[in-house]
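First residue of the sequence shown: 1083, per this note's numbering; consecutive thereafter.
Each residue gets a CB set at the ideal place from its N, CA and C atoms; glycine is no exception.
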Amino acid sequence: MNNNGYAGVGVRNLITAARKAGLNSTFSYKLLMNYGKRRSVVETYKVAKGVYLIDVEMWTRRYGSVYVVEGEAVTLVESGLSTSAGKILEGLAQLGFHRDDVRHIVVSHVHLDHAGGAGVLAKELPNAKVVVHKVGAPHLIDPSRLLRSASKALGQMRDAYGLEKVVPVAAERVVPVDDGDVIDVGSHRLKVIYAPGHASHHICLYDERSNGIFTGDAVGVYYPDAGILKPTTPPPEFDMDVAIESIGRLRELKASALFFSHFGMTRDVERMLDMGIEEIRRWGALIQEALSAGENIKRIAARLVDEFKEDLPFAPEWLSEQLAPVMVAGYVQYFERKGMLER
Ligand SMILES: [Zn+2]
């Protein structure tokens, strides 16, 4: 039950009815709430049959998506940052879902913008299990190592990732999965696709019913307003070859929709998967060349920021400025591991 005092039961029933009738419940909600005392509205979208997106406003609007898959065992895909729980709960209520009906919170990997919120959210969703790749599972139960590693990798972005608000998930609520496992939502079945590269334990989910893939960070960061994507290549685990291989595997699924964790949905599947591969390669070549020319990470990151400015003029500059050095550092560590840098 939602106790925030702005979405009464009557309104919620109407929304549920609207959703059952196949109407866009966000739209219905907004219409209805124009007559009420709304304090805030979370952006939610219906992106496929039985699949909804909550914009958790991760640092900015239209950057962090958490998905809700409708069924007997309502399932969340991603848990956002440790600070995202409020938006997610508000989004669930707005879409007409009851907290007790959420049975799974699946995280694509344990990075803090995907799993940082799992512990906080698990406390609010008492019947939900947290589903994660088996290699990531120990880090949700005891996040101390993860937090140390994140603190090192994130540099300036450390504060924005809500490190201090991360709480562990009780071991008995963590369900470790592996490639091929199926998460049964009821009307949807989500198949686990092991898709390493961004992180060694990264998974995607394939939903047969919508013929869609929840991509996590495996393909890149999608900017729906520009219709393009950019790689996401953080240290310490980014592996260029493995990431490209994983996108190749996703290609074989012949899906007709991609649901990005950053951000939104596209039906332009083949072009985006190809772009994911091309962009990872292009950045790799650019960064490797700059490094051999003696440029430092800061200088190379500035080039990426210029590229962001050009391609995504509407995106907040501070975000690309903070993310770019992290992405460059991911490539540098990868090249070092592969012995591809002469120093
Ligand atoms: Zn991410």
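V1123 places its beta carbon 8 angstroms or farther from that of Y1149. In this structure, the C-beta of H1344 approaches ligand 1 to less than 7 angstroms from one of its heavy atoms. Spanning the alpha carbons of D1263 and S1374 requires a straight line of approximately 43 angstroms.
Runs of beta strand (DSSP E) with 3 or more residues, each lying fully within the segment 1123-1152, are found at 1126-1130, 1133-1137, 1147-1151, listed in chain order. Between S1292 and A1155 a beta carbon distance of about 16 angstroms is seen, past the 8 angstroms cut, so the two are scored as non-contacting. About 18 angstroms separates the CB atoms of S1343 and H1221; that is not less than 8 angstroms, and the two are not in contact.
Residue burial is scored here from C-beta neighbours: L1332 has at least 16 other C-beta atoms within 10 angstroms and is therefore classed as buried. By the Cβ neighbour-count rule, K1128 is buried, with 16 or more other Cβ atoms within 10 Å of its own. Here the segment 1174-1191 does not lie against the segment 1226-1244, with fewer than 3 beta-carbon pairs under 8 angstroms apart. Ligand 1 approaches D1195 closely enough that one of its heavy atoms is under 7 angstroms from the residue's Cβ. Considered as a whole, the segment 1295-1321 harbours 1303-1305, 1310-1312 as its complete beta strand (DSSP E) runs of no fewer than 3 residues, in chain order. Contact check between the segment 1165-1183 and the segment 1204-1221: three or more CB pairs, one atom from each, fall below 8 angstroms, which counts as touching.
In the DSSP assignment, the residues bridged to G1346 are F1342.
Counting only residues of its own chain and dropping the five nearest sequence neighbours on each side, F1345 has a CB closer than 8 angstroms to the CB of D1137, R1144, Y1145, G1146, S1147, V1303, Y1304, Y1305, P1306.
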